[in-house]
Amino acid sequence: MNSNSEAKLGTNQSYLDFQGDKKFVNTLLATSIMQMESSQRWELLKNLSQNGAVIVQCYPCQNPQQNLLALPSCLGKIISHNLSDASGIVSVKCHLENTAYVNATSQELTLHTDGTFERQSIRIIALQSVIAANKGGLSILVDGKDVYQHIAKINPKQLPILFEPDVLTVTRDRQTASKPIFSFNKNGELQIAFRCDQTAQITVKPEAVEVFVQIKQFVENPAHQLRFKLEPHQILILDNTRMLHGRTEFDESEPRFLNRLWFDGNLPHLQLGFVPNL
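Position 22 (the sequence shown) corresponds to 149 in the working numbering; numbering is contiguous.
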């Protein structure tokens, strides 16, 4: 494939959602992010908008971080984490001395959205695989649209509680943040924020405990998940306001290694969040 070719679809990851509808995470083939033409970038954004996620398969190169750093032109400004390097990239690999962050261990990473304690909204995440684990370390995705539709179906009376600004409170490393699980973005689409793991203290308003447990049970059910191996030179791009992501456990001796970059998604051509089918 040469740099002037159209975007092509590779092998697609697919699964059945809880209503029996097939969903996809399409894989786009590109020489590099830097060499993508406007038609290829449009295809990337279309898939991100429609499905909440897209994978870009790039050709091997000496400096794969260059592909990540070419994404702001279509995904917005980079947002740094306190573990970011000077360019904003976070190296995600197993650090036995740093167990405060689950993604720095080989343990299972439960389904969540990023940016609990960030002042800026993390609307888009890019995860670039450098080294994949031989066994385990599978990426897991759950669509927040499915979560919303499930709760609207089984417990509609408690759905409004999930929009309250302090329904979920997370505390870790002397940081505390309260937020709604569901809210509306500036364009009127729904969005989700969720976290439930053992490295942070999770507090749910008493009147929301029942529906929170129902969400947890739904997202932990493999029937509602998409699981796949993110291969080296692939970049998984996620709408963090729609998709929950996680990872299966892997052996700590495995040299699994990802690069992660956050974006603010503040560009007029980006359509993020979701509209439920009710």
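We put the CB at the ideal spot given by N, CA and C, even for glycine.
Rounded to the nearest angstrom, what separates residue i and residue j at their Cα positions?
i, j, result
"C201", "N194", "12 Å"
"I278", "Q344", "11 Å"
"A134", "L171", "Bear in mind that the predicted position of A134 carries a pLDDT of just 42, short of 50, making it too unreliable to give a figure here."
"G251", "H208", "Here the sequence assigns Ile to residue 251, which means Gly is not the residue at that position. Their Cα atoms are separated by approximately 14 Å."
"I329", "E337", "14 Å"
"Y186", "K306", "40 Å"
"F390", "P292", "23 Å"
"A213", "I205", "11 Å"
"Q302", "Q247", "15 Å"
"S176", "L397", "7 Å"
"F384", "K284", "43 Å"
"F401", "I249", "16 Å"
"M163", "I308", "36 Å"
"R387", "Q184", "16 Å"
"S380", "L405", "46 Å"
"V181", "N174", "6 Å"
"K272", "P403", "6 Å"
"F244", "V297", "8 Å"
"Q189", "S159", "12 Å"
"L289", "A335", "7 Å"
"L198", "Y275", "30 Å"
"P382", "N348", "28 Å"
"L365", "P333", "31 Å"
"F377", "S233", "5 Å"
"D270", "V152", "11 Å"
"L399", "L363", "16 Å"
"Q255", "T154", "13 Å"
"M370", "L268", "7 Å"
"A350", "A327", "26 Å"
"L210", "S310", "28 Å"
"W169", "Q361", "18 Å"
"V294", "S218", "32 Å"
I'd like to confirm the pairing. Which residues does DSSP put opposite residue i in its beta bridges?
i, result
"N190", "Looking at the DSSP assignment, N190 forms no beta bridge with any residue, so it has no partner."
"V402", "Bridge partners of V402: none, in fact."
"F390", "I205, I251"
"R354", "I267"
"T330", "T296"
"H239", "H372"
"S256", "L385"
"F377", "G263"
State the start and end residues of the unbroken alpha helix (DSSP H) segment that holds residue i.
i, result
"G271", "271-281"
"Q167", "165-178"
"Q302", "Note, Q302: premise wrong, no alpha helix (DSSP H); beta strand (DSSP E) at 302-306."
"K343", "336-347"
Can you name the start and end residues of the beta strand (DSSP E) that residue i belongs to?
i, result
"I362", "361-366"
"F321", "No beta strand (DSSP E) contains F321, which DSSP labels as neither H nor E."
"F309", "309-311"
"G373", "370-374"
"S218", "217-220"
With 8 Å as the threshold, decide whether the Cβ of residue i is near any Cβ in chain D.
i, result
"C201", "The displayed structure is made up of one protein chain only, and chain D is not part of it."
May I ask you to verify whether the region 233-244 touches the region 315-325, counting CB pairs closer than 8 Å and requiring at least 3? yes
Do the region 301-320 and the region 344-355 meet, that is, are 3 or more Cβ pairs less than 8 Å apart? no
Assess, as a yes-or-no matter, whether the region 352-361 is touched by the region 255-263 under the definition of 3 or more beta carbon pairs within less than 8 Å. yes
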